[in-house]
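Novice: Each position in the sequence shown, counted from 1, maps to that position plus 336 in this note's numbering. Quick one: the structure is below, and I'll ask about it shortly.
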Amino acid sequence: MKTLLLLRHAKSSWKDASLRDFDRPLNKRGLKAAPMVGEMMRKRKLRPELVLSSPAQRAKETTRLVCDAAGLIVVAHYEDGIYEASARRLLEIVSQIKDAVSTAMLVGHNPGLEELLTILTGEPHRMTTASLACIELGIEGWREVTSGAGTLQWLVKPKEIGVMNVR
Numbered sequence: 337m338k339t340l341l342l343l344r345h346a347k348s349s350w351k352d353a354s355l356r357d358f359d360r361p362l363n364k365r366g367l368k369a370a371p372m373v374g375e376m377m378r379k380r381k382l383r384p385e386l387v388l389s390s391p392a393q394r395a396k397e398t399t400r401l402v403c404d405a406a407g408l409i410v411v412a413h414y415e416d417g418i419y420e421a422s423a424r425r426l427l428e429i430v431s432q433i434k435d436a437v438s439t440a441m442l443v444g445h446n447p448g449l450e451e452l453l454t455i456l457t458g459e460p461h462r463m464t465t466a467s468l469a470c471i472e473l474g475i476e477g478w479r480e481v482t483s484g485a486g487t488l489q490w491l492v493k494p495k496e497i498g499v500m501n502v503r
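Structural data, given as structure tokens:
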């Protein structure tokens, strides 16, 4: 059995029109939501041994804030292939995880993340910013990951863990 956590980056800012999409930082709401997700992970004793993240600024900030709040001591790996990746590309990335890893977390973007969740579980689910999904995969090795291999254990959205609207 393997466990895959899918985390969509927290809410980002559109204030600076001169920034490329890749360089957009988190906004106030995102800066508040990400640590709350990490705190929830800490309380649930979720401790991924591997964290793979998009290198986009908003994903990197989300990863750092979540990992810090969760008390994780893993080093996040920033993978260029996660930014703007299709669900199929994300599935390829997941299939390359070393089998010694039991639980991995992938931090990325929609629509790819939402579509990956649908492919793995066979059910469509909406992933708002800073949503975290926990998928149990009925596989022994990550290379075996395929369509329908997963069961959604839970999907938590920021509003469900008490994040207030901060503008």
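Ideal Cβ positions, reconstructed from N, Cα and C, are used throughout, including at glycine. Treat the numbers as computed from the prediction; the structure is a model and nothing was measured.
I'd like the span of the alpha helix (DSSP H) that includes S431, first residue to last.
Specialist: Here the alpha helix (DSSP H) through S431 covers A423 to S431.
Novice: Closest to L342 by C-alpha separation, out of L449, E480 and G486, would be which residue?
Specialist: L449
Novice: From the DSSP output, in three-state form, read off R370 for me.
Specialist: Checking the sequence shown, residue 370 turns out to be Ala, not Arg. Correct three-state label for A370: helix.
Novice: Taking one C-beta from the segment 362-370 and one from the segment 396-405 each time, how about it: are there three or more such pairs within less than 8 Å?
Specialist: yes
Novice: Can you tell me which of the three DSSP states N501 falls into?
Specialist: Because the pLDDT at N501 is just 38, under 50, the model does not fix this residue reliably, and the value given afterwards should be weighed accordingly. Looking at N501 - three-state DSSP - the assignment turns out to be coil, as it is neither helix nor strand.
Novice: Within its chain, find whatever has a CB closer than 6 Å to the CB of Q432; leave out the 5 residues flanking it on each side and keep chain order.
Specialist: none
Novice: Roughly how many whole angstroms lie between the Cα atoms of R380 and R356?
Specialist: 36 Å
Novice: Distance check for V443 and H345, CA to CA, integer angstroms please.
Specialist: 6 Å
Novice: Of all the alpha helix (DSSP H) runs that stay within the bounds of the segment 426-491, which reach a length of 4 or more residues?
Specialist: 448-457
Novice: Got a sec? Which residues, its chain only, sit under 6 Å from G486 by beta carbon, not counting five neighbours each side?
Specialist: L456, T457, I471 and L473
Novice: Under a Cβ-count criterion, where at least 16 other Cβ atoms within 10 Å of its own Cβ denotes burial, should P384 be classed as buried or exposed?
Specialist: buried
Novice: State yes or no: is the C-beta of D416 within less than 8 Å of the C-beta of P447?
Specialist: no
Novice: Between N501 and T464, what straight-line distance do the alpha-carbon atoms span, to the nearest angstrom?
Specialist: Unreliable placement is indicated for N501, whose pLDDT of 38 sits below 50; no coordinate value is reported for it.
Novice: Enumerate in chain order the residues of its own chain whose CB-to-CB distance from S467 is below 6 Å, with the five nearest sequence positions on each side excluded.
Specialist: R344 and K493
Novice: Taking the beta strand (DSSP E) that L388 belongs to, which residues open and close that run?
Specialist: L386 to S389
Novice: Helix or strand or just coil, what does DSSP make of L401?
Specialist: Look at L401 here: in three-state DSSP terms it is helix.
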